[in-house]
Every structure is written in structure tokens, then in C-alpha cells.
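**Q** Residue numbers (numbering that gives the first Met the number 0), protein chains in the order written: chain D, 0 to 195; chain G, 0 to 471. Note that the Cβ used here is the ideal one computed from N, Cα and C, for glycine as well. Keep in mind it's a predicted model, so treat the numbers as computed, not measured.
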Amino acid sequence: MSSKDVILGRVRAALRDAPAPGPVPRDYRREFPAADLDVLVDRLVDYKASVRRIGSEQVAAVAREIAGGTVVVPEGLPVAWRPEGVLVDDGLTPDRIAAADAVLTAAAVAVAETGTIVLDASPDQGRRIITLLPDVHIVVLRPGQVVASVPEAVARLDPSRPLTWISGPSATSDIELNRVEGVHGPRHLHVLLLDS
Amino acid sequence: MSTFLGMPATAPRGVGHLRGDEPFPAAAHTALANDQLRRNLRHATTTIRGKSGRVIAELPDWQELRSAGSAIKADVMSRLPELLEELEARVTERGGVVHWAADANQANAIVTELVRRTGSERVIKVKSMATQEIALNEALEAAGIQPVETDLAELIVQLGNDQPSHILVPAIHRNRSEIREIFLTAMPGVDPGLTDDPPVLAAAARKYLRETFLSTKVAISGANFGIAETGTLAVVESEGNGRMCLTLPDTLITVMGIEKVVPAWRDLEVFLQLLPRASTGERMNPYTTMWTGVTPGDGPQDFHLVLLDNGRSAVLADPAGRSALHCIRCSACLNVCPVYERTGGHAYGSVYPGPIGAVLSPQLTGIEDNASLPFASSLCGACFDACPVRIDIPSILVHLRNRAPHPKSERAAMRAAAYTMDRPKLYARAQRAAKLARIAGRRGRGLPLGWNRARDLPEIPAQTFRDWWASR
Ligand code: SF4
């Protein structure tokens, strides 16, 4: 008898007399008004992220100014957004990514109510590793990507892709409950919110 | 009673961290004498409670979300076999390998063998209750494999040869000077000029762990959710060490309790709203990673999911106790519990402390092995109110008290109750006593000794809890 059979047998035995549960009540909020960009900015700032609202033609210059050095970008990032001299990730080694000063990516979805940005590893966001090792992550967000709530974000995302939900920079409160930023991941999150 | 394969079974003795060395009242007595511990705990629980209350108040539909979360979990339990098989099928389709572990020994053997096959002598670990429950680190060490905890608090606990004391902030019983000492003694390559400033301590851990992340080929994690419909696993965290472990190594091994499966992708819309707000009091935790099997060119190319029973089927077999498996490990019940606040997590003798530990541990091990835990509560009801998935912990406590071997545990109960009731702050919670009366009245049994008198109390007691207790 395999362990699988043992476990499933035990679970079936345990549930032998269990009544079928009722339907799941879904009367929590599922309809939302249009996302409020001011709420998103407020929540991001509350999480110690920096936010700038800029035109799409300014992305390259602003990113270079923030990074102050080497910037890694995924292969699918729009060319117009790339600062001069970027390092394009065509399979860079972890060491080279870690040595970069910043990473610049697009995003898949953002949630205003929680100040969350979600990456789904699309070509303009790249492999998960590139947004993990540099100390600074610069994210470009188009207004149409912002939704009001978590349910809307879940509905928009494709679970078959690797997903990274980011709400502010890395943080820990493990030492006497003092919040310290950046124990592991990027210590700085910059969001460039594009004008429509 | 004769048993056969397929009978629900409790977690085996001699392995894992579900049983303490001494009963709760004795362990609690030691903890009560530790002023530092109590100060740290009070600070932590008060702070987190406050934050959590504020962000929960922002959601107009919090109660509806709780009801949905509770109903989804009840649904999961009722069709667990089918959901687990669906999860297995989806993970396998996407290039993952699923293993089934009937108990801690099997799980440890499976993981050890998987690590051995990679040839790696070191693994990096994401904070995980399931691997603590089965004492995986000890098993790996015995096999000559070094497990490195990468969550800062878990690292502090590991380097200090210690046990976690809180689900969420496992090293809350340590202060900064103790942490500095631990790092100086046990962290390889640490700067001897280390100060006890939290950012300096965190930076030392960052440096040490960075090197470890980039040079270790195998990672071990738990999972907050496993979605049957899609085969997606999710890990919710703050520091980014989870992202590191889940992304950088070649091999990822995830140990998940069978109760962590959820039916559908959309169910995350409920739990991702409930968990962070109830847990750390944030609108959303800094990082959540979700992955489905193996993604070519991105992340670990070798993924194993170990599905763990270890007593869960025995919990499931008790209709009055099975909802303890609904727990999403947010720790909200710890942070509101007056008993936990005074005794800390170690007194519970299990990796699951506080109110949820008092109902889950005795069910996982069999009540004989944790007979005093159901009495480690004032039955004030605060844990039920705080629980984001509406687990009625007080009712399960009452039920388990009835099942506990009586004479010994009643004495234990009275000792536990005596010290708890001796603390003036508790009496300010007279309002809560109304709940006790309701629970007792509803069940009408299962309350040892004087507790039965609670049935005489009106719904909202005319006298205070203190007066009632004194005149009992
Ligand atoms: S029992 Fe409820 S409140 Fe306690 S940790 Fe589990 S989910 Fe959170």
C-alpha cells in the first residue's frame, strides 16, 4: 500500500459521516469602482516606496537618475524606456545581476487598496531573479494596470505564470519589533506611474 | 481497538515538535517568572493587535470575508481526497513531483533522500511551521546535511539553539543584546565590532545569508496555500528570503500539510485579504511568491511537493474538533490571548503555541500526550473573535477538556486557571465572561469542576467575572 493510499484511506475514513457543507457565501465586495491612483500612491508611500508620476518619455532619464549606475533590464522592456548602457538580461549569471545597481521592469497589475505591484514574468518583466538581487527595483506602471482591489487583481492574473506580489521593499520586524528595511530583497522600491 | 492501514492516525511519538517535556502549567510557571519575556510579549502582542485592528477597520466587508474563508475551508475538509488528487495531477502536469508522507518520519526520509540525490550538503530554508513540526532540521543534520534558516528570526532561533516562541515573530523572546551575543558566537564571518542596533544586526544577517543563498543549490519551504485547480503554490512573507529560496536554487522541495489545499484560484481573493491584515496588521505583506510546477528558464527546474498527514487525518476524524485544520497560521489568536501573553510560546511545548496550539497539538498527537493544553485558556473568547477564518477555538477547548484524561488534567486546569485568574488585568475582561457562559450553556457538559456553574450565569453577567470566580 502506498503512502498516498494510506493517507487518502485515512482521510476518507475520517470523513465517512461528515455532512456536505453548504455553499460558500461570496457576499464580500466583488464590484469595485475604478481604481483611485491617489490611493495607490498613498499606500505605496506608506510602505516606504518612492513614487513619481511622469510621462512615458521620461522613463529612461528618471531611471538613470535613480539608479546612478548599472541598470539591468529584461529583454522585452520597451526600448524607449531603457537608459543608455543598460545590461539586458539574456541569461546573466546571478553574480552579474547582483553586482548591478538597479533593475528596471514593467509590471502586470497593481492593487490600489493594498499598495501592491504584481510581476508575472512577462517579457517586459523578465525572470524573477533579476528583480531580486539588485538593491534598487524601479517599476514602470501604466495607469490601465491599476485595479482597486485584490479580487480584481486575482481575476486578471494567470496562475500558470510565476507571480511575485510586492508591497513595499523587503522588511523585517524580528528584532524587538523594530521595522528594518531590506534584510534580503531590494532595499528600495521606486514606482514610476505613467500619465495616461 | 485494532487498527488497520487507513485508520486515521495521530502524529508518532519520538519525532517532531508537538510535545513538550513538561505539562503546560509547569512550563508556564517558569515563563511567568521571566519579566523580560513578558515585557517583550506584551509589547509585541499589543503593537500587532493595534495595527491589525486599524487595517481590518478599513475593510467594510471583513465579516463577509471571514465567513467566506470559513466556508471555503469547511468545503476543503469535506472533499479533501479529491482536492489533493487534483492538486497532484496539476503539479505533475507542470513538471513537479508529488510525494505523500503519512507522518513525520516518512516526510523527513523523503526530503533527506531528495537532498542526497542532489549531492548538496547544505539546504536553505524558508520559515515553515510544517518542517518545524516534523523536526526536519534535526533529521537533515543527522544525515550530514546542514539546514540554514534564512528568515531573520528563525536564524536567530537556530543560531541560539533555541525554539521559536511565536508563529509570526519567532524570536520575540530575545532582545537586541541577546541577538548580538548570538550572532557573535554563532554566525560565521561576523564582524567582531557588531553593535546591537537593529539595522546593524539585520545587515550582518543580510551579508551572511547572501553568500549562502548564492552558493546553495537546494531550498526547502512550506506553503501557505496549494491551489487544486491550477497546481499553484503560494508562500507569503516579508523579508524576501522566501523569494530568494523559491527562485535561486536548482531544486525546491516544499513540505505542505494536507489541509493547506484550497479548491480554486479565485479563492485567493479571500485569503490574500484575510491573512496579512489578521497576521502582521498590514494591508498586504511585502512579498508573496506563487509558482506552478516548473517554469522553463525561470526559477528551480526541479520541484518536489511533499504532502504531509502527520496526525491531520486524526484531527479530521473528530467532527467537533476538525475545524482546527482551517487555521491559516496568522497568529491573531496568540496576540489577543491573555494566557499566551503571560506565558509565551515555549510553555505550550509545541511548534503551535497559543489558543490554536491548545486545540491543534492535542488533536495531532492524541490528547493523552498533551492533556493539559486544552486547559491553557481562560475561555474568554477573544481568539474566536480575532480568527480570520472563524475557528471557534473556545468550543473546541471545551470539547477537548471533556475528552482529556480527567483527574490529572483537572488539577492542571485548576492550577492554570488559578494563576491566570490571579492577574488583575484579566478581570477587566468581565465582558468576555459572557461568552464563557454561553459556551458552557450551549454545551451543557464537558466543563470540569466549578466551570459547570457557568451555566447559572445570565447571558451578560450581572456580577463581574472576578466576583463570580471568588464566590464560586
Ligand atoms: S486559529 Fe485563526 S487566529 Fe489562530 S492562527 Fe489560526 S487562523 Fe489565525
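Can you check the segment 128 to 160 of chain D for any alpha helix (DSSP H) of at least 4 residues that lies completely inside it and give the ranges in chain order?
**A** Entirely contained in the segment 128 to 160 of chain D, the alpha helix (DSSP H) runs reaching 4 residues are, in chain order, 149 to 155.
**Q** Using 8 Å as the threshold, is the C-beta distance between D:A48 and D:H189 below it?
**A** A contact, by the Cβ cut-off of 8 Å.
**Q** Would you list, in chain order, the members of the segment 115 to 143 of chain D that have their beta-carbon closer than 7 Å to a beta-carbon of chain G?
**A** The residues in question are T115, A120, R126, R127, I128, L131.
**Q** Examine chain A for any beta-carbon lying closer than 8 Å to the beta-carbon of D:D26, and answer yes or no.
**A** Note that chain A does not occur in the displayed structure, where the protein chains are D and G.
**Q** Would you list, in chain order, the members of the segment 117 to 136 of chain G that have their beta-carbon closer than 9 Å to a beta-carbon of chain D?
**A** Hits within the stretch: zero.
**Q** Going residue by residue through the segment 268 to 313 of chain G, where are the continuous alpha helix (DSSP H) segments of at least 4 residues, counting only ones entirely within it?
**A** Counting whole runs of 4 or more residues, the segment 268 to 313 of chain G contains no alpha helix (DSSP H) stretch at all.
**Q** If you measure from the beta carbon of G:A427 to each beta carbon in chain D, is any gap under 8 Å?
**A** Because the pLDDT of G:A427 is 43, which lies under 50, any placement of that residue in the model is unreliable, and the number read from its coordinates should be weighed accordingly. Taking Cβ atoms only, chain D never reaches closer than 8 Å to G:A427, which makes this a no.
**Q** In whole angstroms, give me the CA-to-CA distance for G:S69 and D:M0.
**A** So the two alpha carbons sit approximately 34 Å from each other.
**Q** Please determine, among G:S51, G:H303, G:H325, the residue with the shortest C-alpha to C-alpha distance to G:S220.
**A** Among G:S51, G:H303, G:H325, the Cα nearest to that of G:S220 is on G:H303.
**Q** Per DSSP, G:K124 forms a beta bridge with which residues?
**A** According to DSSP, which records beta bridges pairwise, G:K124 is partnered with G:E148, G:I219.
**Q** Using the Cα positions of G:A152 and G:V125, report the straight-line distance between them to the nearest angstrom.
**A** Spanning the two alpha carbons is a distance of roughly 11 Å.
**Q** Could you list the residues in the segment 165 to 195 of chain D with a C-beta less than 8 Å from some C-beta on chain G, going in chain order?
**A** Within the segment 165 to 195 of chain D, the residues whose Cβ lies closer than 8 Å to some Cβ of chain G are I165, S166, G167, P168, S169, A170, T171, S172, D173, I174, E175, L176, N177, V179, G181, V182, H183, G184, P185, listed in chain order.
**Q** Taking a contact to mean a Cβ-Cβ separation below 8 Å, would you say D:V61 touches D:V72 in this structure?
**A** Cβ distance not < 8 Å, so D:V61 and D:V72 don't count as in contact.
**Q** Cutting at 7 Å between CB atoms, please list the residues of its own chain near G:L396, excluding the five before and the five after it.
**A** A357, V358, P373, S376, L378.
**Q** I'd like the list of long-range same chain contacts for G:I155, defined as Cβ closer than 7 Å, with 5 residues on each side in sequence excluded.
**A** The residues are A170, R173, I178, I181.
**Q** How would you write the range of the alpha helix (DSSP H) that G:A403 sits in, first residue to last?
**A** Counting along the chain, G:A403 falls outside any alpha helix (DSSP H), and DSSP gives it neither H nor E.
**Q** Pull out every residue of the segment 159 to 177 of chain G whose Cβ sits closer than 7 Å to any Cβ of chain D, in chain order.
**A** Within the segment 159 to 177 of chain G, the qualifying residues are V168, A170, N174, R175.
**Q** Would you check whether the ligand SF4 has a heavy atom nearer than 7 Å to the C-beta of G:S127?
**A** Outside the cutoff, so no.
**Q** Could you say which of G:L363, G:V168, G:I226, G:W264 lies nearest to G:L82 if we only look at CA atoms?
**A** Closest option to G:L82, Cα to Cα, is G:I226.
**Q** Chain D beta carbons: is any one of them nearer than 8 Å to that of G:S220?
**A** Not one chain D Cβ lies under 8 Å of G:S220.
**Q** Any heavy atom of the ligand SF4 inside 7 Å of the beta-carbon of G:P373?
**A** No, the Cβ of G:P373 stays beyond 7 Å of every heavy atom of the ligand SF4.
**Q** Under 8 Å, do G:L271 and D:P93 count as touching if we go by C-beta distance?
**A** Not closer than 8 Å, so no.
**Q** What does the alpha-carbon distance come out to for the pair G:Q430 and G:G320?
**A** Model confidence at G:Q430 stands at a pLDDT of 41, short of 50, so the residue's coordinates are unreliable; what they give is reported in the following sentence. Cα-Cα distance, rounded: 26 Å.
**Q** Where does D:D16 land, buried or exposed, given buried means 16+ other C-beta within 10 angstroms?
**A** The residue is exposed, with fewer than 16 neighbouring Cβ atoms inside 10 Å.
**Q** Compare the Cα-Cα distances from G:G52 to each of G:P352, G:E281, G:G296 and report the closest residue.
**A** That would be G:E281, whose Cα lies nearest to the Cα of G:G52.
**Q** Taking only beta-carbon positions, decide if G:M186 is within less than 8 Å of chain D.
**A** Chain D, which has no Cβ nearer than 8 Å to the Cβ of G:M186, makes this no.
**Q** Taking 8 Å as the cut-off, does the segment 253 to 261 of chain G touch the segment 60 to 79 of chain G (at least 3 CB pairs, one atom from each stretch)?
**A** Touching, per the Cβ criterion.
**Q** List the residues that DSSP assigns as beta-bridge partners of G:P80.
**A** Paired residue(s): none; G:P80 is not in a bridge.
**Q** Just checking my contact of G:V338 with G:P163 at CB under 8 Å: how many whole Å lie between their CB atoms?
**A** Not quite, the Cβ-Cβ distance comes to about 18 Å (not below 8 Å), so this is no contact.
**Q** Any heavy atom of the ligand SF4 within a distance shorter than 7 Å of the CB on G:V388?
**A** Correct: G:V388 has its Cβ closer than 7 Å to the ligand SF4.
**Q** Below 8 Å on the Cβ atoms is my guess for G:V305 versus G:H98; work out the distance and round it to an integer in Å.
**A** 5 Å between Cβ atoms; contact.
**Q** Starting from D:S172, follow the beta strand (DSSP E) in both directions and report where the run begins and ends.
**A** 170 to 174 is the span of the beta strand (DSSP E), which, as asked, contains D:S172.
**Q** Between G:V269 and G:V114, which are expected to be in contact by the criterion C-beta below 8 Å, what is the C-beta distance as a whole number of angstroms?
**A** With a Cβ gap of about 35 Å, G:V269 and G:V114 do not count as contacting.
**Q** If I follow the unbroken beta strand (DSSP E) through G:T342, where does it start and stop?
**A** G:T342 -> not in any beta strand (DSSP E); alpha helix (DSSP H) instead, spanning 337 to 342.
**Q** Suppose only complete runs of 3+ residues qualify. What are the beta strand (DSSP E) ranges in the segment 145 to 192 of chain G, listed by chain order?
**A** The segment 145 to 192 of chain G contains these whole beta strand (DSSP E) runs: 145 to 148.
**Q** I'd like to confirm the pairing. Which residues does DSSP put opposite D:R81 in its beta bridges?
**A** DSSP output for D:R81 lists no bridge partner at all.
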